[in-house]
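The structure under discussion appears below in the form of structure tokens.
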Amino acid sequence: MLAVKNRRRILALALWVGCLLCLGKTGRAEEIAAPSTAGVLHLEGTQIVGEDGQPVQLRGVSTHGLAWFPQYVNQECFRQLRTEWRANVVRLAMYTAESGGFCTDGDQESLKRLIDDGIRYATEEDLYVIIDWHILSDGNPQTYQEEAKAFFEEMSAKYAHMKNVIYEICNEPNGGTEWAQIKSYAEEIIPVIRRNASDALVLVGTPNWSQFVDEAQADPITGYDNIMYTLHFYAATHKEDLRMRMRNAVQGGLPVFVSEYGICDASGNGDIDEEEADLWVKLMDELGISYVAWNLANKDETSSMILSTCQKTGGFLEEDLSASGKWIRRMLSGDTDAVSESETSPDQAEEAQTEAPSGETVFDCGQIEVHAVVKNCWGSNGEDYYQYELKLVNLSGQPCSSWEIVLDFEEEFRLQDGWNGDYEKDGNSLRISSKDYNGKIGSGESIGDIGFIISGGGALSLEGPQHSHIV
Ligand code: IDC
């Protein structure tokens with residue numbers, strides 16, 4: 002037993018080294034704005050700002066059609082987007098007219114449940130969240146205007162009190178729909194939302210698949226605050242022309258939000274153009290524009306961020322991501338060197354095969370044995386962040402109805418987040434106690450999915466006096 006533990010410790014140390022090596026290379030210097038810090042967003046000129054008046058840039062990902070890929074609306078997935086990808090917004094894309102569409106043959110109740118779930122998870126993970134009325138094959142948003150009114154009436158009433166909900170009222174008008182028609186639709190929908198959510202940001206699509214922001218600029222919607230206009234691009238199709246259209250609109254005073262983009266071509270498929278994608282990101286950053294990437298799914302298409310061979314719905318490793326997914330994760334997180342199984346050294350890979358699960362450190366804490374894994378680590382704002390996941394095994398010989406463990410770290414650290422437990426920091430120690438729903442562990446049995454994120458000195462003291470207590 003001891004020998005096994007020591008081998009695991011050595012492996013854990015090897016992983017630490019790997020992890021430490023990956024830190025501090027990039028990382029966006031600025032703190033990421035979140036609902037808990039920036040609060041309700043509003044516009045000052047073309048710029049989104051938080052309650053304290055500081056500029057806020059939202060950067061994140063969009064789901065694919067909720068009816069088709071509902072499985073990615075889950076808390077673990079959103080948590081990873083927030084903590085590892087460093088996203089601060091998710092977009093919930095609900096098609097209106099395609100198969101399974103809200104206004105065609107879709108199951109409206111289950112679609113609304115997915116939106117409710119998505120908003121709940123986003124809120125719990127401190128993310129802003131966009132409710133996207135995803136018109137596409139319906140071309141003109143007026144096609145389902147009455148349905149849109151009823152939908153946004155219900156959504157805005159339900160979410161009026163939330164700081165983090167943003168309303169996108171028509172994804173991409175197309176098929177010759179003119180700005181005057183979109184504007185007229187928006188002037189029907191915005192007052193419905195405003196009666197409930199008086200300040201929330203509202204995003205309005207623009208002609209030609211949300212590209213002709215200049216037409217909105219020539220005749221903007223007046224009489225309401227906090228209205229933004231969307232521009233969508235796909236980097237392998239849309240280049241300098243559309244970038245200049247975006248820049249001119251913003252410099253001309255139009256608040257623009259890139260609520261959808263891809264780094265491949267406009268079909269959502271085809272080749273990736275990283276060079277153009279870099280130019281887009283550079284310009285959006287310069288102009289303080291927010292941007293949301295299409296799409297969080299494992300469809301066999303270039304724009305899907307997860308490989309079609311990957312069936313996971315959260316806890317994605319680098320090797321689970323498509324080329325788009327890798328690029329977007331790296332760009333958002335600023336982390337250019339993720340540790341992935343495919344990137345570990347041959348020695349580590351060999352060890353990993355003989356140890357299951359790999360990279361686990363096991364602590365005998367008395368009554369409870371703690372299995373700790375560093376799931377991820379990254380550098381940001383000059384600090385190192387470590388995400389731990391724990392499994393607890395009850396070795397006391399009797400069932401328990403609650404538990405408490407204390408973990409010691411080698412250095413001072415800061416607790417950033419913790420889940421499925423109550424967390425209390427005391428010097429270099431972290432005390433974790435059970436929630437009412439996960440206190441019970443049968444004799445010899447285990448529970449998992451307990452996790453936390455710390456910054457600063459992240460190494461667990463391997464020989465430290467870790468201990469546990471059960472009732
Ligand atoms: C695409 C999806 C694809 C789906 C299709 C439905 O990627 O799997 O079959 O829609 O028609 C958009 C749209 C967005 C498109 C995407 C790629 O907003 O719905 O998704 N795209 O074509 N505008 C430009 C590109």
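Add 1 to the 1-based position in the sequence shown for the numbering used here, that's all there is to it. We put the beta carbon where it would ideally sit given N, CA and C, even for glycine.
Nearest-angstrom Cα distance between Leu284 and Asp108?
Position 283 of the sequence shown holds residue 284. Position 107 of the sequence shown holds residue 108. Near 40 Å, if we compare the C-alpha coordinates of Asp108 and Leu284.
Identify every residue that forms a DSSP beta bridge with Asn395.
Position 394 of the sequence shown holds residue 395. In DSSP, Asn395 forms a bridge with Ile369.
Ser304 beta carbon less than 7 Å from that of Trp295:
Locating residue 295 in the sequence shown gives position 294, where the first residue counts as 1. Locating residue 304 in the sequence shown gives position 303, where the first residue counts as 1. It is a contact, given that the beta carbons lie within the stated cut-off.
Please state the DSSP three-state secondary structure of Leu461.
Within the sequence shown, the letter at position 460 stands for residue 461. Strand, per DSSP.
With a threshold of 8 Å, are at least 3 pairs of Cβ atoms found where one atom belongs to the region 263 to 275 and the other to the region 237 to 249?
yes
Collapsed DSSP secondary structure at Lys300 in the structure displayed
The count along the sequence shown starts at 1 and reaches residue 300 at position 299. If DSSP states are grouped into helix, strand and coil, Lys300 belongs with coil.
Exposed unless 16 or more other CB atoms sit within 10 angstroms - verdict on Thr223:
Your numbering for residue 223 matches position 222 in the sequence shown. The residue in question, Thr223, is exposed, as its Cβ has fewer than 16 Cβ neighbours within 10 Å.
Report, in whole angstroms, the separation of the C-beta atoms of Asn172 and His135, which I expect to be a contact under 8 Å.
Taking the first residue of the sequence shown as position 1, residue 172 is located at position 171. Taking the first residue of the sequence shown as position 1, residue 135 is located at position 134. That belief holds up - the Cβ atoms of Asn172 and His135 are roughly 4 Å apart, short of 8 Å.
Reducing DSSP to helix, strand and coil, say where Phe414 ends up.
As a working mapping, residue 414 is identified with position 413 in the sequence shown. Reduced to three states, the DSSP call for Phe414 is strand.
Under 8 Å Cβ to Cβ from Gly176, same chain only, skipping five residues before and after it: list those, please.
By one-based count along the sequence shown, residue 176 stands at place 175. Result list for Gly176: Gly140 and Asn141, in chain order.
Run through DSSP, which three-state label would Ile451 get?
The sequence position of residue 451 within the sequence shown is 450, counting from 1. Strand.
Indicate whether Ile33 and Arg87 have their beta-carbon atoms separated by less than 7 Å.
Within the sequence shown, numbered from 1, the residue matching residue 33 stands at position 32. Within the sequence shown, numbered from 1, the residue matching residue 87 stands at position 86. Yes; because the gap between Cβ atoms is below 7 Å, this pair is in contact.
For Leu128, tell me which candidate among Asn89, Gly419, Arg195 and Cys401 has the shortest Cα-Cα distance.
Within the sequence shown, residue 128 is the residue found at index 127, counting from 1. With distances taken between Cα atoms, Leu128 lies closest to Asn89.
Please indicate yes or no: does the CB of Ser403 lie closer than 6 Å to some heavy atom of the ligand NAP?
This structure does not include the ligand NAP; its bound ligands are the ligand IDC.
Look at Ser138 and Ala98 and say whether their C-beta atoms are less than 7 Å apart.
By 1-based counting over the sequence shown, the position of residue 138 is 137. By 1-based counting over the sequence shown, the position of residue 98 is 97. Yes; because the gap between Cβ atoms is below 7 Å, this pair is in contact.
When you compare the CB positions of Arg121 and Tyr292, do they come within less than 7 Å of one another, or not?
Residue mapping note: residue 121 aligns to position 120 of the sequence shown, counting from 1. Residue mapping note: residue 292 aligns to position 291 of the sequence shown, counting from 1. In this structure, Tyr292 does not lie closer than 7 Å to Arg121 by Cβ.
Report, in whole angstroms, the separation of the C-beta atoms of Leu478 and Leu408, which I expect to be a contact under 8 Å.
Outside the modelled stretch of the chain, which goes from 2 to 472, sits residue 478, for which no answer is possible.
Mind checking who His135 pairs with in its DSSP beta bridge?
Within the sequence shown, the letter at position 134 stands for residue 135. Tyr96.
Around the Cβ of Ser46, are there at least 16 other Cβ atoms within 10 angstroms (buried) or fewer (exposed)?
As a position in the sequence shown, residue 46 is number 45, starting the count at 1. A quick correction: the sequence has Gly, not Ser, at residue 46. Exposed.
Figure out for me which residue from Met245, Arg248 and Gln212 has the closest Cα to the Cα of Glu234.
Mapped onto the sequence shown, residue 234 falls at position 233. Sequence inspection shows Phe at residue 234; the Glu mentioned does not correspond to that position. The option with the nearest alpha carbon to Phe234 is Gln212.
Provide the residue span of the alpha helix (DSSP H) that contains Glu261, from first to last.
As a first step, residue 261 is located in the sequence shown; it is residue number 260 there, counting from the start. Where Glu261 is concerned, there is no enclosing alpha helix (DSSP H), although the beta strand (DSSP E) it sits in stretches over Val257 to Gly263.
Tell me whether Gly271, by its Cβ, gets closer than 6 Å to a heavy atom of the ligand IDC.
By one-based count along the sequence shown, residue 271 stands at place 270. No, the beta carbon of Gly271 sits no closer than 6 Å to any heavy atom of the ligand IDC.
Reference Leu253, options Asp423, Val363 and Gln48, closest by Cα:
For the purposes of this step, residue 253 is taken as the residue at position 252 of the sequence shown. The sequence shown places Gly at residue 253, not Leu. Checked all of Asp423, Val363 and Gln48; the closest Cα to Gly253 is Gln48.
Tell me Trp404's beta-bridge partners as DSSP assigns them.
The residue labelled residue 404 in the question sits at position 403 within the sequence shown. Paired residues: Ile471.
Which residues does DSSP list as the beta-bridge partners of Lys313?
Counting from one through the sequence shown, the residue named residue 313 turns up at place 312. Its beta-bridge partners do not exist; DSSP assigns none.
Check whether the Cβ of Asn175 lies closer than 6 Å to any heavy atom of the ligand IDC, and answer yes or no.
Counted from its first residue, the sequence shown places residue 175 at position 174. No, Cβ of Asn175 sits at least 6 Å from all heavy atoms of the ligand IDC.
Would you identify the three-state DSSP class for Ala350, choosing helix, strand or coil?
Here residue 350 corresponds to residue number 349 of the sequence shown, with the count starting at 1. Annotation note: pLDDT 38 at Ala350 (below 50); position unreliable, coordinate value reported separately. The answer is helix: DSSP assigns Ala350 an H, G or I state.
Delimiting residues of the alpha helix (DSSP H) encompassing Ile307
Counting from 1 along the sequence shown, the entry for residue 307 is found at position 306. Note, Ile307: premise wrong, no alpha helix (DSSP H); not H, not E.
Any non-hydrogen atom of the ligand IDC closer than 6 Å to Asn249 Cβ
As a working note, residue 249 is residue 248 in the sequence shown. It does not: the Cβ of Asn249 is nowhere closer than 6 Å to a heavy atom of the ligand IDC.
Taking Gly326 as part of the beta strand (DSSP E), name the residues at either end of that continuous run.
Along the sequence shown, one-based indexing puts residue 326 at 325. Note, Gly326: premise wrong, no beta strand (DSSP E); alpha helix (DSSP H) at Ala324 to Ser334.
Does at least one heavy atom of the ligand IDC sit under 6 Å from the Cβ of Ala267?
Here residue 267 refers to the residue found at position 266 when the sequence shown is read from its first residue. Ala267 Cβ: within cutoff of the ligand IDC.
Mapping DSSP to helix, strand and coil, what is Phe152?
Start at 1 with the first residue of the sequence shown, and residue 152 comes out as number 151. Three-state result, Phe152: helix.
For Gln312, which option in Met95, Ala324 and Leu297 has the closest C-alpha, if you only look at C-alpha atoms?
By 1-based counting over the sequence shown, the position of residue 312 is 311. Ranking the options by Cα distance to Gln312, first place goes to Leu297.
Buried or exposed: which applies to Met245, given that a residue is buried once 16 or more other Cβ atoms fall within 10 Å of its Cβ?
One-based indexing of the sequence shown puts residue 245 at position 244. It is exposed - the Cβ of Met245 has fewer than 16 other Cβ atoms within 10 Å.
Using only the alpha-carbon positions, how far apart do Cys104 and Tyr145 sit?
In the sequence shown, the residue the question calls residue 104 occupies position 103. In the sequence shown, the residue the question calls residue 145 occupies position 144. Each residue's alpha carbon lies about 7 Å from the other.
Is it buried or exposed for His468, if we count other Cβ within 10 angstroms and need 16 for buried?
Residue 468 sits at position 467 when you count from the first residue of the sequence shown. By the neighbour-count rule (16 or more Cβ atoms within 10 Å), His468 is buried.
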